[in-house]
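Residue numbers (this note's numbering): 8 to 254.
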């Protein structure tokens, strides 16, 4: 173990996680931002943690397997890393909707994603997949093509919570593009916690679609009123959602 005032790095040669295990992170009262990496299969994430303690549930339930790398949390050797951020890392213009460590329920680490529907409650369709940084969007059915699926539900909506006020001026959307299996949304509405709503016209592009707007101060964004294109397919899906701005 390597520890100090600003970081903790733990290397383990012989241990296996068991279902129900947790990692408990204790945060200094005056520190709210930290880089975390709890498994080698997860890219380090800059998280906002407003409380003094954050409990991360080790995702070993079999329902998670289809959306994980085969080795995720299942090896005998492990590397765990936590570091407080530098001021410039927090103040940078950046994607504020990136968290490879997000979990189904709000555990108190942000950003966090939730939705009113997830296809068949299968992990490959969980809302949290849209902020995991995986851009492969030309197929479906399992890792690394996990995304948000809406089960053909017309009133589907998805929300990213930031846990504090942020200043945002750009959104990027990446749709799944496994055509002809897929459809896409031709219109997407975006709601901010300040009450402002933006209406976006979207296409069947296989690449990110970027939308800039006047700066909004908000604690969340919600995508709703998702209008499918006139197409034979009932399966639009959101691969990634990125939200750019400042803390």
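Every residue, glycine too, gets a C-beta built ideally from N, C-alpha and C.
Note that the structure is a prediction, hence the values are computed from the model and not measured.
Return the chain-ordered list of same chain residues with a C-beta closer than 7 Å to the C-beta of residue 241, the five sequence neighbours on each side being excluded.
Cβ within range, chain order: 159 and 190.
Are residue 67 and residue 80 closer than 9 Å when you measure CB to CB?
Contact annotation: residue 67 and residue 80 have beta-carbon atoms nearer than 9 Å.
Cβ atoms of residue 244 and residue 183: under 9 Å apart, would you say?
By the CB criterion at 9 Å, residue 183 and residue 244 fall inside the cutoff.
Near residue 5, which residues of its chain fall below 6 Å by C-beta distance, leaving aside the five closest residues on each side in sequence?
The requested residue 5 is not part of the displayed model; the chain covers only 8 to 254.
Are the beta-carbon atoms belonging to residue 64 and residue 52 less than 9 Å from one another?
The beta carbons of residue 64 and residue 52 sit no closer together than 9 Å.
Under 9 Å between C-beta atoms of residue 205 and residue 234:
At least 9 Å separates the beta-carbon of residue 205 from that of residue 234.
Residue 14 versus 89, 74, 40 and 27, residue with shortest Cα-Cα distance
Of the candidates 89, 74, 40 and 27, the one whose C-alpha sits nearest the C-alpha of residue 14 is 89.
Span of the alpha helix (DSSP H), counted from its first residue to its last, around residue 95
94 to 98 is the extent of the alpha helix (DSSP H) around residue 95.
Inspect the beta-carbon positions of residue 104 and residue 186 and report whether they are closer than 9 Å.
Their beta carbons are not under 9 Å apart, which means residue 104 does not touch residue 186 by this criterion.
On the three-state DSSP scale, how would you describe residue 232?
Three-state result, residue 232: strand.
Determine the DSSP secondary structure at residue 225, reduced to helix, strand or coil.
For residue 225, the three-state secondary structure derived from DSSP is strand.
Can you confirm whether the segment 124 to 144 touches the segment 164 to 181 when touching is taken to mean that 3 or more C-beta pairs between the two stretches lie within less than 8 Å?
Enough Cβ pairs lie closer than 8 Å, so yes.
Assuming residue 222 contacts residue 175 (C-beta within less than 8 Å), just tell me the rounded distance between them.
About 7 Å separates the Cβ atoms of residue 222 and residue 175, confirming a contact at the 8 Å cut-off.
Which of helix, strand or coil DSSP assigns to residue 145:
In the structure shown, residue 145 sits in coil (DSSP, three-state: anything other than H, G, I, E or B).
Does the distance from the C-beta atom of residue 16 to that of residue 87 stay below 9 Å?
Judged by beta-carbon spacing, residue 87 lies within the 9 Å limit of residue 16, meaning their Cβ atoms are closer than that value.
On the premise that residue 250 lies in contact with residue 178, defined as a C-beta separation below 8 Å, what is that separation, rounded to the nearest angstrom?
That pair is a contact at about 6 Å.
Should residue 21 go down as buried or exposed, given a rule of 16 or more other Cβ atoms within 10 Å for buried?
Under this definition residue 21 is an exposed residue.
Start and end residues, beta strand (DSSP E) containing residue 47:
Residue 47 -> no beta strand (DSSP E), and no H or E assigned at all.
Buried or exposed: residue 113, going by 16 or more other Cβ atoms within 10 Å of its Cβ?
Taking a 10 Å sphere around the C-beta of residue 113, we find fewer than 16 other C-beta atoms and assign the residue as exposed.
Should residue 246 go down as buried or exposed, given a rule of 16 or more other Cβ atoms within 10 Å for buried?
With 16 or more other Cβ atoms within 10 Å, it is buried.
What does DSSP give as the partner residues of residue 38 in its beta bridges?
Residue 38 is not bridged to any residue.
Could you tell me which of 27, 248 and 151 sits nearest to residue 62, measuring between CA atoms?
Cα-wise, what sits closest to residue 62 is 27.
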